[in-house]
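Residue 431 in the UniProt record's numbering sits at position 431 of the sequence shown; the count goes up by one each step and never skips. We treat Cβ as the ideally placed atom computed from N, Cα and C, and that holds for glycine. Below is one structure, written out as structure tokens, with a few remarks after it.
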Amino acid sequence: MRRSTTRSVTRSLSRSGRERSALDAAYDECRHLVRTTRPTEHALMQLMPPVARPACWALYAAFSRADDLIDSTEGTPEERSRRLQEWRVALESDLASGTSEDPIRLALTDSVWHWGLDLGDLLAAMDAVQRDDGRTGVANWQEWRERAHSQNISWPEQLMRMLVRVGLPVPVRLRDLPGFTRFVDGLFLTDMLRDLREDLDAGQVWFPADVMDRFRVTPADLIAREWTPEVRELIAHLTGQAREWLEGSRRALRNTLPLGPSIVLDSAVELFGAELDAIVRAGSAVLHRPVRVPRHIEWRLLGPARARAAVVWRLTLPPGRADAPARTAAAPATPGDATAPDPLTGTGLPTTRIAEPPLPPRPHRDGARPPAIAEAHLPQHVAIVMDGNGRWATGLGLPRDEGHRAGAVALRDVVQGALEIGLAHLTVYAFSTENWKRSPDEVSKLFAIMRSELLDGELLDHDVRLRWVGSPDGLPDDVVEVLRAQEHATRHRTGLTLNVCVNYGGRAELAQAGAALARAALAGEVDPARVSEQLFAAHLPHHALPDVDLLWRTSGEIRTSNFLPWHAHYAELHFTDQPWPEVDRLDLWEAVVAYTQRKRRKGAASAAPAKGAE
Ligand code: IPE
Ligand code: IPE
Ligand code: MG
């Protein structure tokens, strides 16, 4: 992987001490909640790389909060449903603002922000929980499975996403792996059995009606807690079914996952298997109290797994990636321009969170410091073709959009690095006019990622002025809206100008300048005989963009792909092999240092050292 020596992952310092301790307390509360209400899940989370554990607690705490709100016995079903709805609405607004009054939502917001989790999917899972309201049950296993998957699969997928972020090649779309969906089925059924009492207290029975019929058990029998021979057989059948799914998933997934996730999966199968044993032993008590695995059994199963996991994460993750708490901070919310569309609903033009004053750059995760380069030697304008997202993802067996997602995270770090060295202009190629040739699915996912990055990324926390370079033609309205809104929200910033090229084409830009000049000539405003380079430049749609000093492309491609033909006419070119998602700010600094060693003659005979604006 990348260079790395003594990596000790540093926590973000971008929050005040008080905010950080609120965040730490929030994660601790999530952990406490998981440990006390779901000890098995908590034990399994301890097998994850330490860096990912706080987000696991936050995800699970949020999930069980949603579940509890709907399952609780307090109030009427309508009241419960309203409470969940309120919680979800509050979560959406917290996610937009980057902070929360509620500890679970604060931790979740921070995790979503920090790990680039898929918000939309998580909210859809919550909506699926909400839809249970008013439902009376499921007819057969197929309906049961739909319910299980819609509510549950998104959560483990977020864990996979985190593993990808720490450098592990794992599949993210678990829902496409039949072995995994079986695992979720086994888990969900075990969970339903061990907490059967809760459902019965709420007067709900979620076992498939056709299975109940087969065993001649009615929902009323269960709700009345009658331990008849039929009920006993039904429970025995269901525990057997759950066990079969869990074991089957282990066999099916044996060779598809790397060692670390396999240990977690194996231990989950063992632990949930032990829960099923406990359910069988509990007999009629399963109808009256939650069933838990005795501690000594849990320890016997988990002790060796913990030791193995610790070694495996150390060996398989890039140095320093495994073992630091991910207590980086989300952006504090400060009211700002009320212009951006709502990030989640896409409706209206509600608030843009913008930190005022902007926060200092977030330090590099290994504590790396920027090279000292005198301002006079810095390039004034660096432009980047962020290439290789798709190949990076495909190489890891992931869909291409995961590459774009990881690419957005890489850009965050590069922007921080640009701020740290005091760069004035950074221009990034995010979507070219040629990129419309890609599949509609990839294009729409790319726009969704871009949009959520612009709304929920850390851009607005720092001294970054955003400028959009490109054409609105053909772009979805919500993308245009958010680009314009964030341009507007950051217009007073004086630090780095980040030009994002979205729907940009170099030739189109030149043709537009030509058309503008022709119009001006026809109107008698311009004398064609006097069209100079300066006059031409003044008619470019983005005439304020300075000349590019350094043009960098990643992923080993040696071409410029219709990027900034006018502005980059004398740029120093820099090509590197790594795909964009593997880049971080150290690579930017390396490019800039290499630039300072170039001799920029610009046609002259003597060798002048590289300089920015001349
Ligand atoms: C660059 O990565 C990002 C965009 C073009 C949006 P690619 O998606 O081009 O990745 P590769 O070149 O196919 O690997
Ligand atoms: C250039 O990359 C455009 C962006 C990075 C947005 P492409 O991947 O689209 O370029 P080609 O197709 O390799 O030239
Ligand atoms: Mg490409």
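Limits of the unbroken beta strand (DSSP E) element including residue i
i	result
Asn499	496-504
Ser432	425-432
Ile384	381-385
Trp144	Note, Trp144: premise wrong, no beta strand (DSSP E); alpha helix (DSSP H) at 141-152.
Arg465	464-469
Heavy atom of ligand 1 within 8 Å of residue i beta-carbon
i	result
residue 616	This structure cannot settle anything about residue 616, because the visible part of the chain is limited to 1 through 614.
Leu446	yes
Ala430	yes
Asn435	yes
Gly505	no
Arg314	no
Arg400	yes
Gly407	yes
Trp144	no
Trp580	yes
Gly403	yes
Of the listed residues the options, nearest to residue i (C-alpha basis)
i	options	result
Arg600	Leu550, Ala529, Arg585	Leu550
Thr394	Ala406, Ile384, Ala383, Val385	Ala406
Gly390	Gln416, Arg438, Ile421	Arg438
Asp176	Asp68, Gly397, Leu588	Gly397
Asp185	Phe215, Ala202, Arg147, Gly203	Arg147
Cys501	Leu419, Pro219, Val480, Val583	Val480
Gly417	Asp456, Leu498, Leu475	Leu498
Val409	Val443, Met450, Glu434	Met450
Cys30	Tyr429, Asp110, Ala513, His381	Asp110
Val34	His488, Ala52, Ala25, Phe63	Phe63
Ser452	Leu91, Cys56, Arg38, Ala96	Ala96
Thr596	Pro476, Pro371, Gly388	Pro371
Arg161	Glu402, Thr76, His42	Glu402
Gly137	Arg243, Phe207, Pro261	Phe207
Arg585	Trp227, Ile104, Leu423	Leu423
Under 9 Å between C-beta atoms of residue i and residue j
i	j	result
Leu510	Pro581	no
Leu117	Leu163	no
Thr490	Arg465	yes
Thr239	Val385	no
Leu301	Ala274	yes
Ser154	Asp121	yes
Asp209	Ala139	Reading off the sequence shown, one finds Ala at residue 209, where the question assumed Asp. Cβ distance < 9 Å, so Ala209 and Ala139 count as in contact.
Tyr504	Val526	no
Pro54	Val170	no
Pro358	Gly495	yes
Trp589	Ala383	no
Val205	Phe215	no
Leu168	Leu265	no
Arg182	Trp141	no
Leu454	Val482	yes
Gln130	Leu84	yes
Arg194	Val286	yes
Glu420	Pro476	no
Gly260	Pro49	yes
Ala52	Val172	no
His381	Pro541	no
Closer than 8 Å: residue i CB and nearest ligand 2 heavy atom
i	result
Met160	no
Phe575	no
Asn255	no
Arg451	no
Ser561	yes
Cys501	yes
heavy atom of ligand 3 below 8 Å from residue i C-beta
i	result
Ser555	yes
Gly390	yes
Asp387	yes
Extent of the continuous alpha helix (DSSP H) to which residue i belongs
i	result
Arg362	Premise fails: Arg362 is in no alpha helix (DSSP H) and is neither H nor E.
Leu222	219-223
Leu259	259-282
Gln85	77-97
Lys445	440-456
Leu123	119-131
Leu287	First-last for Leu287: undefined, no H or E at that position.
His404	400-421
Thr394	389-395
Arg484	477-489
Glu244	229-253
Any non-hydrogen atom of ligand 5 closer than 8 Å to residue i Cβ
i	result
Glu481	Ligand 5 is absent from the structure shown, which contains only ligand 1, ligand 2 and ligand 3.
Going along the chain, which unbroken runs of the beta strand (DSSP E) with 3 or more residues stay wholly within the stretch 526-600? For the beta strand (DSSP E) assignment, the uninterrupted runs of no fewer than 3 residues enclosed by the stretch 526-600 are, from N- to C-terminal side, 550-553, 572-575.
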